[in-house]
Each structure stands twice: as C-alpha cells, then as structure tokens.
Amino acid sequence: MNKKQAKKKKKAPKISPEEQLAILQQEAETKWNAEQVALVEKNNLELKEYNQRRVVLVETNKFFRKLEKTAAETYRQVSKSQEWDHYLSCKKIPDPANPADLRDFLYQWNYELEQQKKNFVSWTLDVNERTWLTQDDTDPNKTWQCLFDENKDVGSSLLPGIRNALHILALIEDSALKSFSQKEVVKVRDEIRVKIAQVLDEITMRVGGNIWRDMIPIDPIRAEFMFTSDIINFYLWSFQHVPLPPEYNYLVKVIEMKSLSIKFQKPPSFDLKNCSMRGMWTQFDHFSDLDPSFRCPISEPIPDLIASQEMEWADRNLLRAQKLQEMKSAREHYEVEQKKKELEELEAAKAGSAKNAPKTLGGKKPTKKKKKSKSKDKAEVKPLEAPPPVITENTTVDIDDLYVLQEQQNYERKMEQIGPNSLNVGTNYINLRQHVINGGIFSIQRFEKLPQPSELRGDFIYTTFSDDLKLTENKFTCESDIDLIVLNIKLPEQYFWWHSPVVCFWEDWTESTEFSSLSEELQNFHLNFDNIMEEKSKQLFSAPKQQKQMLKPTIISDFPITDIPMDVKIHFLIKDHILPRLPQRFKFYAEMHKQFSIIQGLFVRDQRLKIEEKLNDLLNVTFQKMKAAGQSIEEYEQIFRVPSLSDIPAGKESMASLDGSLVSSEIQTPVTSMLEELVEAQYAPAYLFPPCRKIPFLIIAEKQQSEPSDLELDGMMQDILESVLSDDDFSSEAVYKLFSTFIKFLDRLRELEQPVFPDVIEQEEPEADTEVALRNKSRVISRDSKHHHSSWTDIRGTRTSRRLSSFSVTGAPRPQSRNSVKLARKKRKRRKSTIEACASDASTDEEREPKEVDPMELKKIAHPPGRWTTGSIHKQEYDPDCRTVTIWTEKLGTFGFAMRRYYNLPFRGWDMRRIGKLSDLTTCLTLDCVGLQFSINVTKSGYTVKFGAAPQDITAPTKELSLEELAKYLTKVNLNIFPDVDAPFYVTEMTTPKHESMEIHTLKCMAAFCLTHNFTNCFWNKYAPFREALFQSRQVIEGCPEQTFGTVMVNPLKAAVVTVEELCSPLDEVILGYHPTPENQAYYPDVYSLLKGNLEEPSRKLFMKTPPMLQWNVAQILQRLRLLSYS
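Letter 1085 of the sequence shown, counting from 1, is numbered 1085 in the UniProt record's numbering, and no numbers are missing.
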C-alpha cells in the first residue's frame, strides 16, 4: 500500500485568486523596478550625450560657416568680375526683375524689326542673267541662281533677335526661381514669347507670300522651303502658283518634311488647295510652364541638425510627460475601482450571511446547488491582470517608438500637401511633376495660301497687299477614325530617350471640355475679353467699381444727439461713419477760421499799402507848395512827421478834404471777401463722379417711430437752412434730435451730389405706353427735385457770424417759405404714388421678356491658358532601334513627347574619391543610374561631366560649368538626377526618404573629407528605416595600400562604425541589427567628429590643406543629389 501511495503523484496545493493576484503583482513590481533602473541609466546617458552634442556640433557648424563665408566672398568677386567684363563688352542686358528694362528691350527689338521690314528690298530686282558673260572677275554675279543661293537663308537676319530674346527669357526664369516674380514681369515675359511667335509668322508670310522667289520647286506643282538651326527647324510646303489638275488632292498623299524628319500622311478629306503646310521644331518650350502642374511646390526650409535636435529633445520631454500623465490617470482609476470593488464585496458578504442563516438551522446540505454554483463561478472567472504601476516623481518611461511613429506621421502629413492628389490633374491630362516634355516642341499647322505678287517685267514687281495682312490658320478635326492624320516623327538625337515617350497635344482652354460646358454668353465674354477691357478703358467717364465691404457691420442703438450714452465710442463713430459721409465741399470751423485769417491778413496789408501810397502823393504836393512859399525848417519837421492812423479823419467822406479819398468808399472787408469765395465755390464745377470713399456698413437699431421719407428729409433740410440763417444758434437741434436722422441727412447730401442731366422734354401722347409715361414722369421729377434742392445742397457744417443773415448775394436762390414746402410735399406724394403704380404694371411685362446679359457684369473665370493632354492622340507606336514615333491623331497643332521625370532614380550605386595627383585637387563622383553610368569631376572652380556607356552618343561639354548650368544641361538631355521635394511620389522602387536634417548635415561632413576619404554606397541603406542611413568609408593615403571599407551608421543623435546583419524579419519587412566595431568606441555626435577623430597624420595634413571652395562645391552637389535617400 505504501508503494502504491508513493507511486501516486502529489497534488499541487490549490492557490486562491487572491494569492495569484499577489504573486502577479510581485512579479510586475520586480519587472517594473528593473525597467526603471535601466531607463534611469538610459536617460542619464541620453542627457550626457545631449550635452556633448551641443558642444561638438557647435564646432562642426563653425566649420560650415567658414566654408559659407569663403564661398560668398568668392561668388562676390566672380560676380564683380563678370559685371566688369559685361561693362567692357558694351552689351546692355536688361535686369530680368525690372519690367521697365524688359519693356525697353522689347521696344528696341520691335523697332529693329520694323526697320528691317521697311528697308527690305526684293533681291529679284537685281537679277541680271547677262552678268556671267563678262570676263571681269570683279563684277558680281547677279544671276538668279547666284542671288537665290545668297538669300535663301531667310531666317538668318531674324535669328539673332530670337537668340537674344531667349537669353532674356532664361534670365527671367532664373530670377523667378530665386524670388517671387512680379505680375508685370510675367506679363512682359508673355509679350516677348508672343513676339517670338510673330517673328516666326513673319518668316512664314515672307516665304509663303513669294513662292516663286523663296521656295524650292519639288515638281511642276509643288514647292518647299527649309530653314535649320540649333534652336529652330522650319519647313513650309505649298502648291506653286500655277493651275492645278483636277486630281491634285489625290496626287499628294504624303508630305515629307525633311528638315524635321517628319512624314505627314494626310487623310482623304484633308484638302490642300489654296493652303500651305508649316512644320516647325523649336528647342525652347514656352507651353509647359503655363500648365498648372509644372511648378515644383514650395517646401519648408530644412533646419540644421542642432535646431532639429533641440526640437526633438523638447518633443521627447513633452511626450514623456504626457505618457506619465496617462499612466498616473490609469493608476488613479484603478485605485478607485478597487475601492468600489471592496465595498461591493463587503455589502455582498453581509447580504449573503443574512440569507444563509435559516438554511443552516434546518440541517439540509444543498450539495448539487453548490456544484452548480461552482460551475457558474468557474465560467465567470476572468484572467488576472497586473495592476498599473505606481507613478512617482522619479518614474520614467521609454517613448522612443512613440516619438518615431509621431515623426513619421508628421512627415507623411506634410508630404500629402504637395503630392499628386493636391494637383487635381484630370483624366487624359499630363502631370508635369511626374513627366517632363523632352526633345523640344513640334508644331504642324495648315494656313490659308497668301496672295502672290505679279511680275510685270524683270525689274518691276507689283503687289496689292494690305499692311495688316495676317496668317489665317485653317484648322482640321477628324470626324471618324478613317480620317485620322498619321505622323511619323524621328526623335532628335541630342537627347536621351530611355523608354517609349508619351505623345501629348497642347490643348488651349478654349478647346477644352470646361470651356464648352460654359454658357454661350460666358464663352463670348472670354473670347472677347481683351476687346471688352480695351473698350472699357477707353470710356471717358468710367467710374471704378466700389470694392465689396468685407468687414462686419457696426450695430449700435439709436440715441439723442444732445444726450450721448457713455457706452458709445464717439471717437470711432465720428472717424468711421460720420467723416466718410460728409459732402465733398464740406469745411470745418478750423478750416474756415484759417481761411478767414489769411484773407484778413491780406486785407490789412493791401489797406496799409494803399494808405501809404495815397499819403506819399498828398505830402509830396504839400511839400512843393511849402517850398515855393519859403517856410522854415521847423515848420517842415512838424508838417512832415511820420503819419499815423489818427491823422486819417473818421467818416465815409472824410478823405475828400485831402483832394481825394485814401480808400474807396465801398471798402472790401474780409467777411465780404470770404463770402464771395464761398459763393463762387458753390457754383464751381465739381467732379462728375466724386471720389468714392469706403463707408463702413452701419446698422442703427432705431426706436419704434415712423421712419422719415425722402420728402420729409427735404422739408427738414429746408428748416435747417432757415435755422442757420436765423439768430438762434441752437435752433437746428430742434429739427433733428436722433442720431439716425442725422446719418440720413448726411446720406441724402451724398446722394444729391450725383449729377442729374436734363433730358429733352417730349410731348406726351394720349395713348402713350406705360413705359413712356414712366420715363417722362421720372424726368419731370428729376428736374423738379434738382431745382428744389439747389437752395440747400450747399449748406456748410460751420456757422458764420450773424452778419450772414444781413448779407445777400446777387444771383443766389433764396430760401422758400414753409407754405411752399408743404405744397411741394403734397405734389411729390402724388407723383410717387403714380410712379409706383406704373412701375408695378411695367414689371410684369419686363419679366415676360428675356433679359440680355451685359458683358460688363460677367466675371472672368480663373483658368490656365492650356494643358498637355493625350485626348487627341488615338494611337501611338515606338521603334526603339530607329527612335521613331508613329502617331494617329485627330487634330493638327503642337505636339510634345513626355518622358518620366525620375526614370534614372534611384541610383544603383555611387562612389566618391579623389582622382589624379594631390596637386590636381579634384574629386570624382561616379553615379550608376538606370541605363547610364557617368562621372562628375568637381574642382574648386566648377564641374565637368563625362558619360560612360550610353545608349546614345552624346558629347558632354568640356568646359567647367556651375552647378546651375550643370543641372540645366543634364535636364536638357533628359538626365534628371536632381530630385525635387515631391520626388518620392514619382520615383519607383524607393522607400521612405531619410531624415532631412540628418542627411544634409551628413553630406556636408562627407564633402569636408572629399580628398582624404573614399565614400561609396552600402547595400543595406535602402532597407534602413527613416532615421538611419548607411554608407561605406575608408581613408585614402598616397603611397599606402588601400584599406578595407568600414560601414558607417548615422542617425540624428550619433554616428558610429558598425557591422550590419539582418535580424529575423517578416516577409514584407527587413529588420537590421548593428554591432559597433570596435565595441567600446567613443561617442561621436556626427560624421564630422567621427572621421576627424580617426584621421591618420598624412590625412590630417591633407585635410588642413583642402581648398574650402572644393569642399563647398562637393557639398552643394551632394545636397542636390540626396545620395542617402535615393540609393
């Protein structure tokens, strides 16, 4: 029995839920305490590294500022030297940011073209077929063929002007990239582009208008003209000026434009009679930048690494505080729930003991019920969870993952604002942020044949062409798929064609579906918008429209003028609402007093001068009489003392005793002078349309009373006039008592300033139409109102002295009596009722008739001039061997070939090291792109590019270029390796770009060691997360074997040499692990301190001798390439 019992397994002791919870809490506390110890050590280390970064990065930034100052000084010297060379060359190039200079250039170019056109003489007048018979070699050969060969290049005289204009446009584009271009500059730019198109049309008119002179015959009925250059290829085809056979349209099926490498296959319905075909290729593209999706979106400036780290440190502390607050709230909530649970258990225990007491006394044992209750309890048992930890002042948490997630979300949110969804590119339209128009622009058009001159004899040409003769385009649109136009175009060889191009057609806004969906009135308005604006500008009295008041209205309650409430801001009320409503000729008391003082001073001066003049004349006569009588000197002195005003007798006729009056009897006093000026000002001509003032909207909450009508206001105004002329200074306050009435008076005065033109009075017929009656009555009313208000519309807001009442001005209307005012009110009430009745009858007739839309009331819809679209292209085929594109299109017009903008990104690999001898001071940057491998040599003076194995033989320029010139050249040949801000949306096989501040800072650090180190890409970099970047580095010492590469890992907080391995990762993600090499290496905040701390002595000396401009140039191109993000 003992053996059997020993074989039996011992049952584990049962543990109550309370004991399990206690064990779980103890384990959680032990784990929490261990985590807190580790986190505290980590936080202390982060704080130590943070303080170290703030010191070390300052040294790195000082080095970068030194490079920036050296580059700025170098650029200043180069710019000064270029300005001096430009000054010595005597070539006046306009300022691209100054519209006045640009218009000056445009005017000079127009003048030169007009002079060339006026001075042009047909060379056929010099033709002499007998000149080849002479034996004198000095005589020029003037045969037709010789002169034709000399003058066949028609565009040679116009090409220099076009080149100069293109140079100016390039300067405007460069200035627009640096700063926001003005509207006037954009307007002049468009005018220059229009002028270039007009010059090309001028070539077409000169050649097309003289087929027999300038075009080369192909056969007896066809002729062609070709003109080629590096920027323009021109081809013109036409029937000769001869009678055509009946089957002319079937004889010509294909037009081969040799200078353009285009074969034009016309459909059967395409008629060429009395037409000419023009094909043109231009290297410049003046259409793409008009597309709304062309411009790169403006991004926020990238902060430097120090500022980025300071913001990161603050954000981390904020997140840590928020996380601790959440944990503290969770702990408080847990404690509250525990207290509630304990109270509920106590109450349940008390209630259960009271119910189970009588059952125990009976002695029954409810065993089955106990089993059921146990089973229910087991079903209701929940898994035990560890309680939230206790949060104290020393508690900390790890928020690394939370901060990285937040930073990634902020970056994605910022990029969404500049992504393709923000451009609203419709269907069949080209997104020029994803594609770029490559290889120039092709244009094929059909024009009406121009009239040809008549040749009467060899030395005389007779023409009847008008001066305003213009080209007329004869457009063609296919109606079915049978009539499609087929174009076979060979792509230019001086550009890279990586894949099949997308053929697109330039669609004007007037040809788009948006324009066709507008009403007919709007369409005509937009088509004739320039003419409408020109006519409107020529109107003699075109009053400018008042701008809509966007401010909120002011709402106040009405109040008596004699008792202004304290809560009313009277200063702002006067400034904003009373002063703008004052009449045009209103004058304040201060203005009147100043004017009166000036008049009074002039009056006193004039009177003094007149008195002195009269006294001098009188005294001179008296002196002569006394001298003749022989009086003594004492009598002379008493008589000829200095006169004063007391010597002038008083009285109107007192001056007559002195043989004449000193002053006229009707003396012009200052008061009379001022009153005369006021009367003259009242009847002086005023503005036909007074200057409009912006009167803010005022709402007055009036009290419940009858609102005064216009007729009552007129009567009140007459009462005000009478009160002004009376002796009572306060009588006018009895007329209007409320502020609302005063405002209505001011508004009424402003309305009466508008002119009322009298019309010719027509006799009313007994059976007149209601509209005629309404018109005549309105005329009578306007005349009456004008005549009635002439007496009080010139009231001034100032009060003169009471002498005004006794002064009368001849010709001035006198105030009317109160009885006449009452009669006028009754008459106007009757007329007003008749007018309202007529207007109600006439409104029904006007509603039935359709109203015409005034073109002045229509508004222009903001729209782009046009867009690149694929809607007109039905089919296209591409032959990569011959690089030819075959197009089936339904329209003739302008065609472009769109290529993927970032086809060559990301880089397959890159390498940067010095080449040649140390004295060459040259760094070579080798880039391995999709379809091409090339190198860029960087020196302290510029950049040179060399292409390796390329699908096309394109020779790169040998001269050194600036970074902007290099970017323009590579973009021109369709090698787009400089990504823009929105490039991540359009680069295939690319992960998230790297941290911007970290990458820019790291690339600058790599540029500083461009002669001492060899840098290359790392395979694991494309799998590294957003905040980490990897590259390989090694020192290059002259005369020593090359070292092995070491992998450098960089993040915004540190840089280290590591060994990379792939950890256990899911299928859709690669997780990397980094092992420092060596393990106990020092802490380096950035790549500059890492590389400089591990420099050997030869490399340290070479680093000190590296030219700052070389380091600057390398840093600039590395920042433009963004090698860490796009490799």
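Ideal Cβ positions, reconstructed from N, Cα and C, are used throughout, including at glycine.
Cutoff 8 Å: residue i Cβ touching any chain D Cβ
i           : result
proline 217 : This model lacks chain D altogether; it includes just one protein chain.
CB contact flag (residue i, residue j, <8 Å)
i                  : j                 : result
valine 1060        : leucine 1030      : yes
cysteine 275       : glutamate 448     : yes
leucine 1121       : isoleucine 977    : yes
isoleucine 255     : tryptophan 237    : yes
arginine 883       : lysine 490        : yes
phenylalanine 1045 : threonine 1016    : yes
valine 425         : serine 512        : no
leucine 159        : isoleucine 192    : no
glycine 997        : serine 308        : Per the sequence shown, the amino acid found at residue 997 is serine instead of glycine. For serine 997 and serine 308, yes; Cβs fall inside 8 Å.
isoleucine 561     : phenylalanine 739 : yes
glutamate 1042     : valine 1036       : yes
aspartate 508      : glycine 279       : no
leucine 892        : arginine 433      : no
proline 99         : leucine 171       : no
lysine 323         : isoleucine 399    : yes
leucine 932        : methionine 912    : no
leucine 484        : tryptophan 888    : yes
tryptophan 281     : leucine 251       : no
tyrosine 1084      : alanine 1055      : yes
valine 207         : isoleucine 221    : no
leucine 39         : threonine 396     : yes
cysteine 1005      : aspartate 1086    : yes
tryptophan 868     : leucine 1123      : no
lysine 266         : lysine 253        : yes
Reference residue i, options the options, closest by Cα
i              : options                          : result
leucine 920    : Leu1102, Trp910, Tyr111, Arg1034 : Note that residue 920 corresponds to aspartate in the displayed sequence, not to leucine. Per the Cα distances, Leu1102.
alanine 165    : Leu102, Gly208, Asp153           : Leu102
arginine 581   : Phe525, Leu698, Trp506, Lys627   : Leu698
leucine 471    : Glu479, Leu47, Leu450            : Leu450
glutamate 1062 : Ile211, Gly1093, Tyr1023, Cys929 : Tyr1023
leucine 1118   : Val604, Leu963, Pro17, Trp1020   : Leu963
alanine 956    : Arg1027, Ile936, Glu591          : Ile936
glutamate 877  : His577, Asn488, Gly948, Thr971   : Asn488
proline 301    : Tyr250, Lys414, Asp398           : Lys414
asparagine 999 : Ile861, Leu305, Trp509           : Checking the sequence shown, residue 999 turns out to be glutamate, not asparagine. Minimum Cα distance to glutamate 999 is reached at Leu305.
isoleucine 695 : Leu752, Leu573, Gly715           : Leu573
lysine 972     : Glu989, Lys614, Ile954           : Ile954
proline 1107   : Leu272, Ser941, Asn1021          : Ser941
asparagine 128 : Gln115, Phe120, Phe148           : Phe148
arginine 53    : Glu473, Pro993, Arg316, Glu310   : Glu310
DSSP bridge partner residues for residue i (one or two, in chain order)
i                 : result
lysine 263        : Glu256, Asn488
phenylalanine 496 : In the DSSP output, where bridge partners are listed per residue, phenylalanine 496 has none listed.
proline 217       : Ala223
serine 1099       : DSSP, once it has assigned bridges, lists no residue as partnering serine 1099.
asparagine 421    : Beta-bridge pairing links asparagine 421 to no other residue.
alanine 701       : Ser557
lysine 1054       : Asn1051
asparagine 233    : Thr228, Trp281
glycine 871       : For glycine 871, which the question treats as bridged, DSSP gives no partner whatsoever.
leucine 738       : Pro560
query = Touching or not, the region 494-503 and the region 864-884, by the rule of three or more beta carbon pairs under 8 Å?
reply = Output reads yes: the region 864-884 touches the region 494-503.
request  = Please go through the region 875-923 and give each complete beta strand (DSSP E) segment of 3 or more residues, from N-terminal end onward.
outcome  = Listed in chain order, they are 884-889, 894-900, 909-915.
query = So does the region 1104-1124 actually touch the region 58-71, counting three or more Cβ pairs closer than 8 Å?
reply = A contact exists between the region 1104-1124 and the region 58-71.
ask   = Pairing CB atoms from the region 980-987 with CB atoms from the region 1078-1097, are three or more of them under 8 Å?
value = Counting C-beta pairs closer than 8 Å gives fewer than three between the region 980-987 and the region 1078-1097, which falls short of the contact rule.
query = Quick one: any contact between the region 281-301 and the region 30-48, if contact means 3 or more CB pairs under 8 Å?
reply = Taking 8 Å as the limit for Cβ pairs, the verdict is that the region 30-48 does not touch the region 281-301.
message = Would the region 388-396 count as touching the region 324-331 if we require 3 or more Cβ pairs under 8 Å?
response = Touching, per the Cβ criterion.
request  = Any chance you could list the alpha helix (DSSP H) runs of at least 4 consecutive residues sitting entirely within the region 190-217, in chain order?
outcome  = As far as the region 190-217 is concerned, its whole alpha helix (DSSP H) runs of at least 4 residues are 211-214.
query = Between the region 217-230 and the region 186-201, are three or more C-beta pairs nearer than 8 Å?
reply = With the rule of 3 Cβ pairs closer than 8 Å, the region 217-230 does not count as touching the region 186-201.
request  = Could you say if the region 426-445 and the region 892-912 meet the contact criterion of at least three C-beta pairs nearer than 8 Å?
outcome  = Contact between the region 426-445 and the region 892-912 is present, because at least three Cβ pairs lie under 8 Å.
query = In chain order, which alpha helix (DSSP H) runs of at least 4 residues are fully inside the region 942-1003?
reply = Fully enclosed alpha helix (DSSP H) runs of 4 or longer: 963-972.
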